[in-house]
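Input: a single structure, listed below in structure tokens.
Residue numbers (full-length UniProt numbering): 1 to 667.
So, in structure tokens, the structure goes:
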């Protein structure tokens with residue numbers, strides 16, 4: 001990053017120290033603010049101009065590739081194969097350079113944002129003021145903090161897709177025509193990695209070189225207006241185009257951690273049930289038709305000969321409460337589908353099995369995960385897929401008082417205007433639980449009425465917490481890394497290995513958001529002998545024992561209730577974005593988590609190989625012992641002693657080799 005556009009932290013600190021030594025502190029504070037304003041204005045000018053330059057550069061490359069593709073597709077030999085190769089090489093270099101500039105711009109914004117926060121904190125400490133919360137709130141409105149690097153990455157992805165189309169000589173690519181639709185079941189080899197927040201943009205730029213963004217509901221053709229909004233004959237999509245989509249999942253478990261115990265111990269046919277939705281969901285009358293995907297993940301051991309699989313079907317939100325309670329007639333509900341089709345029969349079978357599991361095992365909403373997911377995949381293929389989850393938060397959904405006391409629902413009642421206490425029907429509110437939270441004084445209360453009373457009256461159909469909740473600090477766990485999932489149906493390509501190395505990705509064996517959240521939020525439910533996820537030890541060693549609040553710069557109190565409500569509604573405000581805001585950056589500035597680390601991870605195959613080697617030589621030693629005993633029976637004492645000594649030496653040597661290898665593995 002050019003030092004000219006880097007916040008001069010030393011200069012700001014000297015100005016703060018100079019202000020502290022003066023009697024008329026108001027004048028000195030004003031001088032400090034002017035110096036700070038000058039640096040912010042310079043940063044705003046550079047970042048906004050650089051954004052426009054990069055977008056224009058990518059659009060120009062896309063225009064050139066489109067013209068060459070059009071000429072080459074006509075087949076009139078106006079462009080020779082050699083000329084085409086030169087054009088491809090030149091375009092590749094331009095796009096690679098543009099990608100590096102996008103990463104550099106994002107890094108510039110991130111680093112300067114953190115430096116500005118540090119500067120105002122230093123100022124508060126020196127002058128003995130408390131301006132940091134106000135300053136951070138204002139900082140999120142500055143031009144540089146609102147530069148949309150995601151839009152640049154989408155444009156870069158579209159341009160790389162046109163380049164790949166030209167390189168393959170496939171002039172008519174059907175991938176552009178249709179939007180991707182998720183399959184009903186997934187069978188893939190999935191490996192998960194942790195990515196540091198400052199490496200997320202680099203990771204995205206590296207992936208789009210080979211795979212396009214997969215934006216749910218939109219095809220590449222519909223996104224082409226980004227490259228040239230004036231020339232391309234395609235209508236602008238009605239939905240907002242963003243490189244990531246909010247994904248929320250509510251996981252079900254018993255109050256004794258039945259599913260957690262089976263999943264952590266990797267038992268055969270261990271199930272995990274979750275209800276997932278995409279995008280915003282305030283759980284009001286306007287959201288009753290939102291599809292909720294009911295999913296079941298089933299683990300199979302290798303010896304079973306079966307692959308672990310994820311199955312799912314969707315229900316409208318207004319049906320969820322009845323389904324969880326076992327009161328939804330699935331046979332009647334599927335009548336609007338084709339009752340005789342195989343897909344409908346599979347949905348009916350899966351729906352009944354999941355409902356039976358919920359009832360028999362007393363499962364209830366236990367944990368919610370919320371994150372922004374960016375997906376990378378061709379819309380016509382499922383053999384390779386990347387998903388990158390940022391702003392990962394876990395929320396405590398456990399509410400035994402409300403869940404146990406809810407009774408049947410009265411029909412025919414209407415929902416009053418928001419904030420007016422009256423009767424509420426399931427058709428208008430669709431069974432969503434404002435729940436109970438903790439106010440700043442610590443008393444448990446509901447923001448909208450007394451939910452326990454309403455539950456006993458039978459006027460609500462809650463099934464999880466809503467955006468009306470005010471969550472206490474120990475009900476939210478924020479994960480300090482982005483989670484990259486690499487899902488393959490084939491061997492891992494070489495470019496994937498290089499990308500992971502360049503981004504400093506840390507592979508975490510069998511990482512699970514559910515297990516992580518449960519271990520932090522509901523550890524008291526687990527018996528002492530139940531293991532915790534292997535990566536938890538690293539968190540605890542670094543002071544992340546409770547998992548509720550990371551060390552921060554002191555801005556955690558800034559709009560905390562608003563931020564936590566956003567976790568529930570899906571309307572994540574700017575303060576929770578990976579970069580664009582104060583709250584989230586407060587979890588990375590001045591903490592050990594912003595500097596990366598080596599997570600303890602053990603390769604189970606290497607450990608098992610060491611154990612097998614030890615057992616192999618011990619078995620050979622038993623044969624030698626048996627031969628020695630047989631020699632004693634024959635009266636060959638010298639041979640017997642030699643055999644027994646040799647066997648003991650073999651056991652001792654193999655044990656020492658085992659200990660040495662294990663030490664190298666765990667080290």
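Glycine included, C-beta positions come from ideal geometry on N, C-alpha and C.
Please read all numbers here as calculations on a predicted model, not as lab measurements.
* Using CA coordinates, which residue listed in 278, 268 and 336 is at the minimum distance from residue 672? -> Missing from the structure shown is residue 672; the chain here goes from 1 to 667 and no further.
* Asked: Going by beta carbon distance, what residues of the same chain come within less than 8 Å of residue 68, once the five residues before and after it are set aside?
  -> Locating residue 68 in the chain shown gives position 68, where the first residue counts as 1. Only residues of its own chain outside the window of five on either side were considered, and among them 79, 84, 87 and 166 have a CB closer than 8 Å to the CB of residue 68, listed in chain order.
* Beta-ladder partner(s) of residue 393, from DSSP -> On the chain shown, residue 393 is found 393 positions in, with the first residue counted as 1. Partner(s): 370 and 478.
* Along the chain, where does the alpha helix (DSSP H) that runs through residue 8 open and close? -> Start at 1 with the first residue of the chain shown, and residue 8 comes out as number 8. Neither: residue 8 is in no alpha helix (DSSP H) and is coded neither H nor E.
* Reference residue 127, options 611, 30, 334 and 322, closest by Cα -> Numbered from its first residue, the chain shown carries residue 127 at position 127. The candidate whose alpha carbon is nearest that of residue 127 is 30.
* Asked: Taking the alpha carbon of residue 386 as the point to measure from, which residue in 614, 207 and 628 has its own alpha carbon closest?
  -> Reading the chain shown from its first residue, position 386 is the one you call residue 386. Comparing alpha carbon positions, the residue from 614, 207 and 628 closest to residue 386 is 207.
* **residue 278 (DSSP reduced to helix, strand or coil)** => Along the chain shown, read from residue 1 onward, the residue named residue 278 stands at position 278. Looking at residue 278 - three-state DSSP - the assignment turns out to be strand.
* For residue 120, is the classification buried or exposed, using 16 other Cβ atoms within 10 angstroms of its Cβ as the cut-off for buried? -> For the purposes of this step, residue 120 is taken as the residue at position 120 of the chain shown. Buried, since its Cβ has 16 or more Cβ neighbours within 10 Å.
* Asked: What residue from 481, 530 and 518 has the CA that sits closest to residue 508's CA?
  -> Taking the first residue of the chain shown as 1, we reach residue 508 at position 508. The residue among 481, 530 and 518 with its C-alpha nearest the C-alpha of residue 508 is 481.
* Contact belief for residue 8 with residue 144 at Cβ below 8 Å, rounded distance in angstroms -> Counting from one through the chain shown, the residue named residue 8 turns up at place 8. Counting from one through the chain shown, the residue named residue 144 turns up at place 144. Not really, about 15 Å apart at Cβ, beyond 8 Å.
* Between 118, 610 and 63, which lies nearest to residue 91 when the distance is taken from Cα to Cα? -> Counted from its first residue, the chain shown places residue 91 at position 91. Closest option to residue 91, Cα to Cα, is 63.
* **residue 628 versus residue 265 - alpha carbon distance** => Looking up residue 628 in the chain shown gives position 628. Looking up residue 265 in the chain shown gives position 265. Roughly 42 Å between the two C-alpha positions.
* To do: Note the first and the last residue of the continuous alpha helix (DSSP H) segment covering residue 350.
  => Taking the chain shown and counting its residues from 1, the one referred to as residue 350 is at position 350. For residue 350, the enclosing alpha helix (DSSP H) stretches over residues 342–360.
* To do: Give the secondary structure of residue 611 by DSSP, where H, G and I count as helix, E and B as strand, and everything else as coil.
  => Translated into positions along the chain shown, residue 611 becomes position 611. It is helical.
* Asked: residue 115 by DSSP, collapsed to three states: which one?
  -> By 1-based counting over the chain shown, the position of residue 115 is 115. Helix.
* Thinking C-beta only, is residue 103 closer than 7 Å to residue 670? -> An answer regarding residue 670 cannot be provided, because it is not within the stretch 1 to 667 covered by the chain.
* **Reference residue 65, options 228, 499 and 291, closest by Cα** => Numbered from 1 along the chain shown, position 65 holds the residue referred to as residue 65. Among 228, 499 and 291, the Cα nearest to that of residue 65 belongs to 228.
* Asked: Quick one: Cα of residue 13 to Cα of residue 141, how far?
  -> On the chain shown, position 13 is the one that residue 13 refers to. On the chain shown, position 141 is the one that residue 141 refers to. If you take the alpha carbons of residue 13 and residue 141, they lie about 23 Å apart.
* Going by the CB atoms, is the gap between residue 192 and residue 369 shorter than 7 Å? -> As a first step, residue 369 is located in the chain shown; it is residue number 369 there, counting from the start. As a first step, residue 192 is located in the chain shown; it is residue number 192 there, counting from the start. Not in contact: residue 369 and residue 192 (Cβ atoms no closer than 7 Å).
* Within 7 Å, strictly: CB atoms of residue 251 and residue 274 -> For the purposes of this step, residue 251 is identified with residue 251 of the chain shown, where counting begins at 1. For the purposes of this step, residue 274 is identified with residue 274 of the chain shown, where counting begins at 1. Contact: yes.
* To do: Go ahead and label residue 564 buried or exposed: buried means 16 or more other beta carbons lie within 10 angstroms of its beta carbon, across all protein chains shown.
  => Along the chain shown, one-based indexing puts residue 564 at 564. With a pLDDT of only 38 at residue 564, under the threshold of 50, the placement of this residue in the model should not be trusted; the figure read from the coordinates follows. Classification of residue 564: buried, given that the 10 Å Cβ count is 16 or more.
* If residue 614 and residue 646 are in contact, beta carbons under 8 Å, what's the gap, nearest whole angstrom? -> Here residue 614 refers to the residue found at position 614 of the chain shown. Here residue 646 refers to the residue found at position 646 of the chain shown. Contact doesn't hold; Cβ gap of about 17 Å is too wide.
* So, residue 352 versus residue 330, is the Cβ gap smaller than 7 Å? -> Stepping through the chain shown from its first residue, residue 352 is reached at position 352. Stepping through the chain shown from its first residue, residue 330 is reached at position 330. Yes, the Cβ-Cβ distance between residue 352 and residue 330 is below 7 Å.
* Quick one: what does DSSP say residue 470 is sitting in, helix, strand or coil? -> As a position in the chain shown, residue 470 is number 470, starting the count at 1. Three-state DSSP puts residue 470 in coil, outside helix and strand.
* Spell out a yes or no on whether the segment 483–499 and the segment 335–353 are touching, meaning 3 or more CB-CB pairs, one atom from each, closer than 8 Å. => Taking a contact to require three or more Cβ pairs closer than 8 Å, the segment 483–499 and the segment 335–353 do not qualify as touching.
* To do: Provide the residue(s) that pair with residue 291 in DSSP beta bridges, ordered along the chain.
  => Counting from one through the chain shown, the residue named residue 291 turns up at place 291. Answer is 316.
* Asked: Measuring CA to CA, which of 160, 198 and 300 is closest to residue 110?
  -> Within the chain shown, numbered from 1, the residue matching residue 110 stands at position 110. Comparing Cα positions, the closest option is 198.
* **Buried or exposed (CB count within 10 angstroms, at least 16 for buried), residue 638** => Mapped onto the chain shown, residue 638 falls at position 638. Result: exposed.
* residue 124 in three-state terms, based on DSSP -> If you number the chain shown from 1, residue 124 lands on position 124. Looking at residue 124 - three-state DSSP - the assignment turns out to be helix.
* From the DSSP output, in three-state form, read off residue 132 for me. => Counting from one through the chain shown, the residue named residue 132 turns up at place 132. Three-state DSSP puts residue 132 in a helix.
* **DSSP bridge partner residues for residue 191 (one or two, in chain order)** => Here the question's residue 191 lines up with position 191 in the chain shown. Bridge partners of residue 191: 486.
* Where residue 537 falls, given that 16 or more other Cβ within 10 Å makes a residue buried -> Stepping through the chain shown from its first residue, residue 537 is reached at position 537. So residue 537 ends up on the exposed side.
* To do: Report the partner residues of residue 213 according to the DSSP bridge assignment.
  => Along the chain shown, read from residue 1 onward, the residue named residue 213 stands at position 213. DSSP lists 376 as partners of residue 213.
* To do: With a 10 Å radius around its C-beta and 16 neighbouring C-beta atoms as the bar for buried, classify residue 377 as buried or exposed.
  => Within the chain shown, numbered from 1, the residue matching residue 377 stands at position 377. Counting other Cβ atoms within 10 Å of its Cβ, residue 377 reaches 16 or more and is therefore classed as buried.
* Measuring alpha carbon to alpha carbon, tell me which of 610, 373, 469 and 357 ends up nearest residue 246. => By 1-based counting over the chain shown, the position of residue 246 is 246. Of 610, 373, 469 and 357, the residue nearest in Cα terms is 373.
* Beta-ladder partner(s) of residue 251, from DSSP -> One-based indexing of the chain shown puts residue 251 at position 251. Looking at the DSSP assignment, residue 251 forms a beta bridge with 274 and 367.
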